[in-house]
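Read the structure below first, then the notes.
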Amino acid sequence: MRLLFAVLYLSRAAASSLLSEHFVKGLWILQAIPGHAGDFKVYPGGQKGKPKRLRHALVTSFKQFRARLAKALKLPPREPLQNDWGLYFYGGVPVESLEDAVNATQMFVWEIGHWMWPAVRVGFEQRVSHPSFPAGEDGGDLVLRTLAVRPAVFEIRGFLRPEECERIISLADSEMVASGLVGNDGAALGRTSSQAWLYNHRDPLVAQLDERTAQLVKVPALNNERLQVLRYRADEFYSTHFDWVEMSMYPDNEKVWRKCHYGHYDRMATVFWYLRTIEDGGQTAFPKAGGAPDPENKLACSGLQVKPEKGKVIMWYNLHGDGSGDRDAMHLACHVGKNSTEEKWAANKWVMTKPSNLAPAGRMDHPALARHGLKLSEQAPAEAAQPRLSFVNELDHPVEILYVDGTNFLKATDLAPGKASTLNAGLGASFLAQSERLGRSTVVTISQPEEVVPISLGMFRQEL
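Residue numbers (our numbering): -13 to 450.
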């Protein structure tokens, strides 16, 4: 599906103005050579320096043009499950025809298969326009201002209207639960915030902001995860972490490998919304910005630090332009002041490399395993038949069935009055019912292979 954009170009900015001192993995900038139709200067990595020259050759189709370009740039062959590389005009509009390519003044090749805003240099500004953006001093334009090149971090002021910030907070306030985080060894990790998850159907504004995010990042909204709303109270924090999956950290976990499509299905970008301004702490910090070494203290607020400012968002890329994970994208939520009376309210929109909620990949000896020093076991892990839990709604109004994942509540299905639904889940899995009239029910845990649970008023009485 083609994504249509109303983009305000940088006056068809000359490629030279978008070149950086830094080499960007997975990027090539092509600039047409005047008087030589079909010839381009090629800047590998989008880096300043003497360009290579791509000479005109007779091609009769866009497919042939792409094949010739891939060969000339020595693009590596695509692995199973990997996105094809993308070719774009500045601002994220795909180049989709031979005529467009031959007549282009500049083009951008991104190996990851999606448009990525070039960071260029600290302080560099790029404008983007769309009808969904709030109107302000710039007439509806948003300005992406580069805060860091390694990793690529941008600040966008005025992305959210004040009333939109307050609406998101009001939607999430009654649903906040502790942001539990557990490591591979079962030990609790450094995170003390609260969170809630908002789906697009929860409120029209949530859906509108989902689309606004897509128009900012220039990746289809289908790739956006649901909205995570966060609250940090006095002295709360989140220690250093990545938003992408580092496969080598899961040496014996085929489930993780398959879920992330062997490294080709991950959180490409994070768009982080600030819903309140606070003065005492609460910064988002990037301790490795500029290529600094790993911090010794995972809680130290060091490196690039961004203060919460209502309506502002920051966006950063978790992956390089070739799709590999960027270790410089390590970040943390600094402590809110120990004696602060302010609460930090924020929200996350994660943008995936593929549509969100895709099924895990099949079991295969993928080339990424050898690259990460991993190996499939000789036999596939046993997959026992899953127990079934059936719900029957005996109430006179609809309910939602929520899966209880620690302190998180994930929607499993809707259930109309008098209807039944059967869910497959492992023994020990827990669910509850949620009603707009009655709130949340008591929790039901699967203890035997086949269970039928009637949803009745009695399940809610402890919550009334």
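Glycine included, each C-beta is placed from N, C-alpha and C at the ideal position.
In three-state terms, what does DSSP make of residue i?
i, result
"G172", "Only weak support is given to the placement of G172: the predicted model assigns it a pLDDT of 33, under 50, and the value that follows is read from those uncertain coordinates. Reduced to three states, the DSSP call for G172 is coil."
"F446", "helix"
"R426", "strand"
"H227", "strand"
"N379", "strand"
"E437", "strand"
"A121", "coil"
"M254", "strand"
"I154", "helix"
"V95", "strand"
"S234", "helix"
"E149", "helix"
"H317", "strand"
"R186", "According to the sequence shown, residue 186 is Asn rather than Arg. In the structure shown, N186 sits in a helix (DSSP, three-state: H, G or I)."
"L73", "strand"
"N89", "helix"
"F140", "strand"
"R198", "helix"
"E386", "strand"
Have a look at the options and flag the residue whose alpha-carbon is nearest the alpha-carbon of residue i.
i, options, result
"V81", "A347, H383, W96", "W96"
"K274", "M301, A255, F228, M102", "F228"
"F417", "W183, I155, T399", "T399"
"A158", "V129, K36, V192", "V192"
"L216", "N186, K397, G99, M162", "M162"
"I19", "G31, V45, K34, K38", "K38"
"V129", "N239, G309, I155, I300", "I300"
"T263", "S376, P294, S160, Q269", "P294"
"W183", "H116, M93, N69, Q214", "Q214"
"S115", "K361, A286, Q201, D86", "Q201"
"D238", "H358, I155, F26, R188", "H358"
"T327", "P190, V430, Y218", "Y218"
"A220", "E329, P281, A347", "E329"
In chain order, what residues of the same chain have a beta carbon less than 6 angstroms from the beta carbon of residue i, not counting five sequence neighbours either side?
i, result
"F110", "T132"
"G267", "C320, H321, V322, G323"
"V88", "G24"
"G172", "With a pLDDT of only 33 at G172, under 50, the local geometry of the prediction cannot be trusted, and the value read off the model is given with reservation. The answer is none, since no qualifying residue turns up."
"S433", "none"
"T226", "K284, M316, L318"
"S427", "L418, A419, M445, F446"
"L59", "W14"
"E265", "none"
"F48", "S83, L84"
CB residue i to CB residue j, shorter than 8 angstroms?
i, j, result
"F258", "A356", "no"
"T339", "M233", "no"
"Y260", "L344", "no"
"S3", "E211", "no"
"Y303", "P104", "no"
"G307", "L13", "yes"
"A354", "E150", "no"
"L401", "F395", "no"
"E437", "L381", "no"
"Y248", "L67", "yes"
"I142", "K296", "no"
"N186", "D196", "yes"
"A406", "V385", "no"
"D351", "L360", "no"
Counting only the same chain and skipping the five closest in sequence on each side, list residues whose C-beta sits under 7 angstroms from that of residue i.
i, result
"H383", "P403, S421, R423"
"M102", "W96, Y303, G307"
"G289", "A271, F272, P273, K274, A275, A278"
"R54", "A43, V45"
"V135", "S6, H8, A105, R107, V108"
"F51", "V45, L84, A87"
Keeping to the same chain, check which residues put their C-beta closer than 8 angstroms to that of residue i; ignore five residues upstream and five downstream.
i, result
"A56", "W71"
"Q194", "S118"
"A90", "L16, A18, F75, V81"
"S165", "R177, T178, S179, S180, Q181, L216, Y224, T393"
Just checking: is the beta-carbon of residue i within a distance shorter than 8 angstroms of some beta-carbon in chain C?
i, result
"A415", "In the displayed structure, chain C is absent; only one protein chain is listed."
Is the region 235 to 243 close to the region 197 to 205, with three or more CB pairs under 8 angstroms?
As far as the Cβ criterion goes, the region 235 to 243 does not touch the region 197 to 205, which means the pair count is below three.
Should the region 132 to 147 be regarded as contacting the region 178 to 194, the criterion being three or more beta carbon pairs within less than 8 angstroms?
Because the criterion of three Cβ pairs below 8 angstroms is not met, the region 132 to 147 and the region 178 to 194 do not touch.
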